[in-house]
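In this note's numbering, the protein residues as written are 87 to 408. Here is the structure we will look at, set down as structure tokens.
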């Protein structure tokens, strides 16, 4: 398995590779590589490469050495919604692959028609956590994501500024500062706003606990291939407010009611206030927060380890001779 990330980056690509290696370990010998040499390629029966563009060199080397051995390419959000439209190396990876994998149900629609028939959707998985008991004294909202433009933390920042006087709404942000200007902005908000906390990068277990205890996860990305944090929220009993992009709709479903247009912090603020109001109403005339929680719960069965393992084994059995 080729993955253009390591445990140090601890990003979505690495967590996918690590989890798939574990799910397949009972059935195959799996090794994860940042890149591969000729000896490694010659000793393998099949390659799974994450990221069409960033793993393009390994993909081409595999096909040169193994003209007929199966090659699976897993497509990320930047592949689907940016690189395959204008990057020749990413386009070549699509051509060379025997099978393509997308990680949410609308990803197939982003591919050229000639590649859609060989594409599988495999939903990623996570362990379910029992929903936490949550106080209604405040609405606790959380964003989880490394600070980079694709994650659009600016929308979260602007919403926190707009609602700065609403001290019954607490904004928390978890993620490493990959882009200095975004890190500086997060740190300034932490200093200047009473109801904003920048928590930095945290271990995964700690992040899951924060997700479990939040009332809402905010996911404001410009592009996504299938965000881990969305399924982690769903499987922790925490509903999501998400940008209305294909990658998020493919996780949450087209009928989900917690979307805001990408970059529109005013719409996000409106949803947050509606959730806070529904949380406070004793008569529960508007049960919007409960409604979002129920909608997310209906999707939770998509993200089980058994479901992901079954899909992976089905794909490998299709590719490998009996």
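Backbone N, C-alpha and C fix where the C-beta goes; we use that ideal spot for every residue, glycine too. All figures in this text were calculated on a predicted structure; none of them were measured in a lab.
C-alpha gap between residue i and residue j, whole angstroms
i, j, result
"residue 229", "residue 175", "33 Å"
"residue 258", "residue 296", "9 Å"
"residue 97", "residue 289", "12 Å"
"residue 326", "residue 215", "16 Å"
"residue 378", "residue 347", "17 Å"
"residue 324", "residue 380", "10 Å"
"residue 304", "residue 242", "8 Å"
"residue 337", "residue 92", "25 Å"
"residue 195", "residue 330", "16 Å"
"residue 157", "residue 236", "28 Å"
"residue 388", "residue 183", "26 Å"
"residue 351", "residue 190", "25 Å"
"residue 302", "residue 354", "12 Å"
"residue 384", "residue 127", "42 Å"
"residue 145", "residue 199", "21 Å"
"residue 201", "residue 398", "19 Å"
"residue 267", "residue 286", "14 Å"
"residue 140", "residue 332", "22 Å"
"residue 104", "residue 159", "16 Å"
"residue 405", "residue 203", "14 Å"
"residue 213", "residue 292", "14 Å"
"residue 298", "residue 225", "13 Å"
"residue 247", "residue 356", "14 Å"
"residue 116", "residue 197", "28 Å"
"residue 269", "residue 334", "24 Å"
"residue 179", "residue 403", "22 Å"
"residue 102", "residue 151", "26 Å"
"residue 394", "residue 87", "17 Å"
"residue 321", "residue 376", "15 Å"
"residue 122", "residue 390", "31 Å"
"residue 366", "residue 373", "10 Å"
"residue 143", "residue 371", "57 Å"
"residue 392", "residue 306", "29 Å"
"residue 281", "residue 110", "44 Å"
"residue 114", "residue 106", "11 Å"
"residue 177", "residue 265", "28 Å"
"residue 149", "residue 173", "19 Å"
"residue 272", "residue 129", "47 Å"
"residue 244", "residue 193", "29 Å"
Segment limits, alpha helix (DSSP H) that includes residue i
i, result
"residue 374", "374-385"
"residue 201", "199-202"
Residue range of the beta strand (DSSP E) that includes residue i
i, result
"residue 207", "205-207"
"residue 329", "326-329"
"residue 228", "225-230"
"residue 402", "Here residue 402 belongs to no beta strand (DSSP E); instead the alpha helix (DSSP H) covers 391-405."
"residue 186", "185-188"
Residue i CB to nearest heavy atom of the ligand GDP below 7 Å
i, result
"residue 354", "With respect to the ligand GDP, the structure shown offers nothing to examine, as it has no ligands at all."
Candidates the options: closest to residue i by CA position
i, options, result
"residue 239", "108, 390, 293, 262", "262"
"residue 359", "249, 260, 187", "249"
"residue 231", "153, 319, 197, 332", "319"
"residue 112", "302, 396, 189, 173", "396"
"residue 308", "163, 107, 138, 121", "163"
"residue 227", "269, 177, 283, 272", "283"
"residue 138", "382, 154, 89, 393", "89"
"residue 124", "107, 143, 147", "147"
"residue 99", "120, 390, 386", "120"
"residue 386", "217, 153, 161", "217"
"residue 260", "271, 154, 233", "233"
"residue 382", "316, 106, 273, 181", "316"
"residue 187", "177, 181, 161, 271", "161"
"residue 153", "271, 181, 400", "181"
"residue 407", "294, 155, 264", "155"
"residue 362", "264, 265, 300", "300"
"residue 401", "108, 185, 129, 271", "185"
Please confirm if the region 164-184 is in contact with the region 219-226, defined as three or more CB-CB distances below 8 Å between the two stretches. no
Contact the region 260-279 vs the region 132-146: 3+ CB pairs below 8 Å: no
Below 8 Å, how does it come out for the region 307-314 and the region 202-214: are there three or more Cβ pairs, yes or no? yes
Segment contact flag, the region 328-344 with the region 251-266, C-beta cutoff 8 Å, min 3 pairs: no
Could you name each continuous alpha helix (DSSP H) segment of 4 residues or more that falls completely within the region 240-294, going from the start of the chain to the end? 266-278
Starting from the N-terminal side, write out each stretch of the alpha helix (DSSP H) that is 4 residues or longer and does not extend beyond the region 101-179. 124-128, 142-151
In chain order, which continuous runs of the beta strand (DSSP E) of length 3 or greater are located wholly inside the region 294-357? 302-305, 326-329
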